[in-house]
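**Student:** Next up is a structure, given as structure tokens.
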Amino acid sequence: MIDLAVIGGGPAGLATAIHAARAGLQTVVVEKRSGPIDKACGEGLMPHATRQLELLGATPAGRPFRGVAYLDARHRVTAQFDSGTGLGVRRTTLHAALLDAAVAAGADIVQDSVRAVSQDDDAATVHTTRTDIRARYVAAADGLHSPIRAGLRLERPAGRARRWGLKRHVAVAPWSEFVEVYWSADTEAYLTPVDDDCVGIAILTSRQARFEQHLAAFPTLRDRLDGHAHGPDRAAGPLRQRVHRRTAGRVLLVGDAAGYVDALTGEGLGLAFAASRLLVDSVVADRPQDYERQWRRATRRYRLLTEGMLAVGTSPLRSVVVPAAARFPRLFAGAVNLLAD
Numbered sequence: 001m002i003d004l005a006v007i008g009g010g011p012a013g014l015a016t017a018i019h020a021a022r023a024g025l026q027t028v029v030v031e032k033r034s035g036p037i038d039k040a041c042g043e044g045l046m047p048h049a050t051r052q053l054e055l056l057g058a059t060p061a062g063r064p065f066r067g068v069a070y071l072d073a074r075h076r077v078t079a080q081f082d083s084g085t086g087l088g089v090r091r092t093t094l095h096a097a098l099l100d101a102a103v104a105a106g107a108d109i110v111q112d113s114v115r116a117v118s119q120d121d122d123a124a125t126v127h128t129t130r131t132d133i134r135a136r137y138v139a140a141a142d143g144l145h146s147p148i149r150a151g152l153r154l155e156r157p158a159g160r161a162r163r164w165g166l167k168r169h170v171a172v173a174p175w176s177e178f179v180e181v182y183w184s185a186d187t188e189a190y191l192t193p194v195d196d197d198c199v200g201i202a203i204l205t206s207r208q209a210r211f212e213q214h215l216a217a218f219p220t221l222r223d224r225l226d227g228h229a230h231g232p233d234r235a236a237g238p239l240r241q242r243v244h245r246r247t248a249g250r251v252l253l254v255g256d257a258a259g260y261v262d263a264l265t266g267e268g269l270g271l272a273f274a275a276s277r278l279l280v281d282s283v284v285a286d287r288p289q290d291y292e293r294q295w296r297r298a299t300r301r302y303r304l305l306t307e308g309m310l311a312v313g314t315s316p317l318r319s320v321v322v323p324a325a326a327r328f329p330r331l332f333a334g335a336v337n338l339l340a341d
């Protein structure tokens, strides 16, 4: 019997495996896909997330950015980070760095599909297509629409408001040292520098449409990107995922599987990295019941700020978000740095 089985080999699962292996736990990661995994993601790591990444010993190549800028048709306001720089990094590059760090730490990576998880008083069993893996604990890091979470009946109704994310890479040199967030009537476009000759464009929206249709709402951005080659589009959603709790016996949820508000504030990966340490600490102490309380405490600021921003951003007040930020730049900078720290 091993100490920890991690279901899902994305950033949250690999971060959990790195901390667990370094803590002396015999750790196995089960992931059905091979190699670096891509997905719809803003790809901008806030300073808090970059510090967590350093603790994990992963050093992906990317492009630093100094802060966040909000833009609409008439305004531009910037907020510089007080606590260091962020890092724009392609998701596949980040995943490769974390995978290398997990293997170096001593975690075993198994390419297989998980069919189910069962548990008793002494251990949990991960049933895959080829074998059964018995472990003292299981970390479910199987994503936004986690089958493990659903099987454990830990989900809550997400509500009527539904938002989706789309991502595209464009072969153009970055023109800003900031992550630029463009606002239209019902959509945000996030421009993140990820390399010297590439930017990532992430769209967040409550309206399902093709990427070009959304981009048409931002003529200045569209014109800058016009004529430049781009990669394939990726999509994810609905984004909001509500969860009753993050533990069920010997199974603990981490990353997007643990619940998700929205990508509006860009702190998903930073929180996943921080939560992975809390999960491992609870396993080492043999006190899984501590994880729920610690997760809530660690994510409280993010959840409150993101819920507040989302409420405004999906209301008639949406049109005043960028003008208000431009009128009160110190308040805007304070909010950005609360999330960055």
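Residues 1 to 341 (UniProt numbering) are what the sequence shown spells out, left to right. The beta carbon of each residue, even a glycine, is placed where N, CA and C say it ideally should be. Values in this document were obtained by computation on a predicted structure and should not be read as measured data.
Check A124 in the structure and name its three-state DSSP category.
**Tutor:** The residue you call residue 124 lines up with position 124 of the sequence shown. Of the three classes helix, strand and coil, the one that applies to A124 here is strand, per DSSP.
**Student:** Look at the Cβ atom of L252, then the Cβ atom of Y291, and state whether they are nearer than 7 Å.
**Tutor:** Here residue 252 is taken as the residue at index 252 of the sequence shown, counted from 1. Here residue 291 is taken as the residue at index 291 of the sequence shown, counted from 1. Their beta carbons are under 7 Å apart, which means L252 touches Y291 by this criterion.
**Student:** Given this structure, state the Cα-to-Cα distance separating G259 from H244, to the nearest angstrom.
**Tutor:** Here the question's residue 259 lines up with position 259 in the sequence shown. Here the question's residue 244 lines up with position 244 in the sequence shown. Spanning the two alpha carbons is a distance of roughly 9 Å.
**Student:** Rounded to whole angstroms, how far is the Cβ of residue 342 from the Cβ of I7, which I believe are closer than 8 Å?
**Tutor:** This structure cannot speak to residue 342, because the chain is shown only from 1 to 341.
**Student:** First and last residue of the alpha helix (DSSP H) that includes G165?
**Tutor:** By 1-based counting over the sequence shown, the position of residue 165 is 165. Looking at the DSSP string, G165 is not in any alpha helix (DSSP H); the run it does join, the beta strand (DSSP E), is 164-170.
**Student:** Judging by CA-CA distance, which residue of S206, A158, R74 is the nearest neighbour of H145?
**Tutor:** Along the sequence shown, one-based indexing puts residue 145 at 145. Among S206, A158, R74, the Cα nearest to that of H145 is on A158.
**Student:** With distances taken Cα to Cα, identify the nearest neighbour of H169 among E155, R207, H228.
**Tutor:** On the sequence shown, residue 169 is found 169 positions in, with the first residue counted as 1. Closest option to H169, Cα to Cα, is H228.
**Student:** First and last residue of the beta strand (DSSP E) that includes D197?
**Tutor:** Taking the sequence shown and counting its residues from 1, the one referred to as residue 197 is at position 197. Segment: none, D197 is in no beta strand (DSSP E) and carries neither H nor E.
**Student:** Can you tell me which of the three DSSP states D223 falls into?
**Tutor:** In the sequence shown, counting from the first residue as 1, residue 223 sits at position 223. Here D223 sits in helix by DSSP.
**Student:** Determine the DSSP secondary structure at W295, reduced to helix, strand or coil.
**Tutor:** Within the sequence shown, the letter at position 295 stands for residue 295. Three-state DSSP puts W295 in a helix.
**Student:** Buried or exposed, going by whether 16 or more other CB atoms sit within 10 Å of the CB of W183?
**Tutor:** As a first step, residue 183 is located in the sequence shown; it is residue number 183 there, counting from the start. Buried: at least 16 other Cβ atoms inside 10 Å.
**Student:** Go through its chain and collect everything with a Cβ distance to L154's Cβ below 8 Å, but skip five positions before and after it.
**Tutor:** Position 154 of the sequence shown, counting from 1, holds the residue named residue 154. Closer than 8 Å at Cβ, skipping near neighbours: V243, H244, R245, R246, A248, L253.
**Student:** Inspect the beta-carbon positions of G88 and T192 and report whether they are closer than 7 Å.
**Tutor:** For the purposes of this step, residue 88 is taken as residue 88 along the sequence shown, with counting starting at 1. For the purposes of this step, residue 192 is taken as residue 192 along the sequence shown, with counting starting at 1. Yes, the pair counts as a contact, with Cβ atoms nearer than the cut-off.
**Student:** If contacts are defined as beta-carbon pairs under 8 Å, then G266 and G42 qualify, I think. What distance do you get, rounded to the angstrom?
**Tutor:** Within the sequence shown, residue 266 is the residue found at index 266, counting from 1. Within the sequence shown, residue 42 is the residue found at index 42, counting from 1. The Cβ separation is near 6 Å, so the contact holds.
**Student:** With H, G and I counted as helix, E and B as strand and the rest as coil, what does DSSP make of D108?
**Tutor:** Position 108 of the sequence shown, counting from 1, holds the residue named residue 108. Correct three-state label for D108: strand.
**Student:** Please list, in chain order, all residues of the same chain as P174 whose beta carbon is under 6 Å from its beta carbon, the five residues on each side excluded.
**Tutor:** For this step, residue 174 is matched to residue 174 along the sequence shown. These residues qualify, in order along the chain: P193, V199.
**Student:** If distances are taken between C-alpha atoms only, which option among H48, A49, R74 comes closest to P219?
**Tutor:** Translated into the one-based positions of the sequence shown, residue 219 becomes position 219. Ranking the options by Cα distance to P219, first place goes to R74.
**Student:** Check whether the region 226-240 and the region 122-139 are in contact - that is, three or more C-beta pairs closer than 8 Å.
**Tutor:** no
**Student:** Should the region 65-81 be regarded as contacting the region 91-106, the criterion being three or more beta carbon pairs within less than 8 Å?
**Tutor:** no
**Student:** Would you give the residue range spanned by the alpha helix (DSSP H) that R277 belongs to?
**Tutor:** In the sequence shown, counting from the first residue as 1, residue 277 sits at position 277. Residues 268-284.
**Student:** Check whether the region 202-219 touches the region 46-59, counting contact only when three or more Cβ pairs, one atom from each stretch, lie closer than 8 Å.
**Tutor:** no
**Student:** Please name the residue or residues paired with W183 in a DSSP beta bridge.
**Tutor:** Taking the sequence shown and counting its residues from 1, the one referred to as residue 183 is at position 183. Note: W183 sits in a beta bridge opposite E188.
**Student:** Taking Cβ positions, are F178 and G86 nearer each other than 7 Å?
**Tutor:** As a position in the sequence shown, residue 178 is number 178, starting the count at 1. As a position in the sequence shown, residue 86 is number 86, starting the count at 1. Cβ atoms of F178 and G86: not closer than 7 Å.
**Student:** If I'm right that V126 touches V30 with Cβ under 8 Å, what's the distance once you round it to whole angstroms?
**Tutor:** Working through the sequence shown from its first residue, we reach residue 126 at position 126. Working through the sequence shown from its first residue, we reach residue 30 at position 30. Sure, about 6 Å apart at Cβ, within 8 Å.
**Student:** Give the DSSP-derived three-state secondary structure of G255 in the structure shown.
**Tutor:** The residue you call residue 255 lines up with position 255 of the sequence shown. Three-state result, G255: helix.
**Student:** Do A15 and F273 come within 7 Å of each other at the CB atom, strictly closer than that value?
**Tutor:** For the purposes of this step, residue 273 is taken as residue 273 along the sequence shown, with counting starting at 1. For the purposes of this step, residue 15 is taken as residue 15 along the sequence shown, with counting starting at 1. Against a cut-off of 7 Å, the Cβ pair of A15 and F273 comes out as a contact.
**Student:** Got a sec? Which residues, its chain only, sit under 8 Å from D196 by beta carbon, not counting five neighbours each side?
**Tutor:** Counted from its first residue, the sequence shown places residue 196 at position 196. Only R63, A173, P174 meet the Cβ criterion.
**Student:** With DSSP as the reference, please indicate the residues paired to I18 in a beta bridge.
**Tutor:** The sequence position of residue 18 within the sequence shown is 18, counting from 1. Its beta-bridge partners do not exist; DSSP assigns none.
**Student:** Based on Cα-Cα distance, which residue from R293, T50, M1, D223 lies nearest to Q26?
**Tutor:** As a first step, residue 26 is located in the sequence shown; it is residue number 26 there, counting from the start. Closest by alpha carbon: M1.
**Student:** My guess is that A135 and D3 are in contact by the Cβ rule of under 8 Å, so how many angstroms apart are they, rounded?
**Tutor:** One-based indexing of the sequence shown puts residue 135 at position 135. One-based indexing of the sequence shown puts residue 3 at position 3. The pair is a contact, with the Cβ atoms about 7 Å apart (cut-off 8 Å).
**Student:** Can you give me the start and stop residues for the beta strand (DSSP E) that L87 sits inside?
**Tutor:** The count along the sequence shown starts at 1 and reaches residue 87 at position 87. Element bounds for L87: 86-88.
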